[in-house]
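A short write-up of the structure that comes next.
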Amino acid sequence: MTGIAQAESFSKLEKQGYAVGKLTKGKAGGYGWVISNSNKQFFCRLNASLAYVSKKEMVGITSSGRLIKVDRATFEAKIGGPDPSIPQWSDLQSGRVKPDDVGSCTAVR
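Going by UniProt numbering, the first residue of the sequence shown is number 1, and it counts up by one from there.
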């Protein structure tokens, strides 16, 4: 068999000193980050479906990479207030991510 996919966890790669790049789109259109060291790269998928953009705006993130604007006040009124587990869009874009925001990581060929 050729082309066997190698999967790793983000936490494990981070502990091994891999650097996190900026948010990008993968081949299938979904968002994620290229995690790399001097000789190996992995693409780690975005695991978040919502992100805060500003005090008034949020985005919903589809698996195909589409961003849908959401009114933050309406959303928070419905759920009972701000949710600290929802990441900031600017943090996701710059690669400042928490393990909960990162899905599976596969080797980049």
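Here a beta-carbon is modelled for each residue, glycine too, at the ideal position from N, C-alpha and C.
- The stretch 68-87 makes no contact with the stretch 14-26: fewer than 3 CB pairs, one atom from each, lie closer than 8 Å.
- Nearest to Arg-66 by alpha-carbon distance, out of Phe-42, Leu-50, Gln-41 and Gly-21, is Leu-50.
- Assigned with DSSP and collapsed to three states, Ser-36 falls in strand.
- A straight-line Cα-Cα distance of about 17 Å links Gly-60 and Gly-81.
- For Lys-25, DSSP records a beta bridge to Tyr-31.
- In the DSSP assignment, the residues bridged to Gly-60 are Leu-50 and Ile-68.
- For Ser-104, the uninterrupted beta strand (DSSP E) segment begins and ends at 102-107.
- A distance below 7 Å between beta-carbons, with the five flanking residues on each side excluded, links Lys-69 to the following residues of its chain, in chain order: Glu-57 and Val-59.
- When secondary structure is reduced to three states using DSSP, Gln-16 falls in the coil class, being assigned neither helix nor strand.
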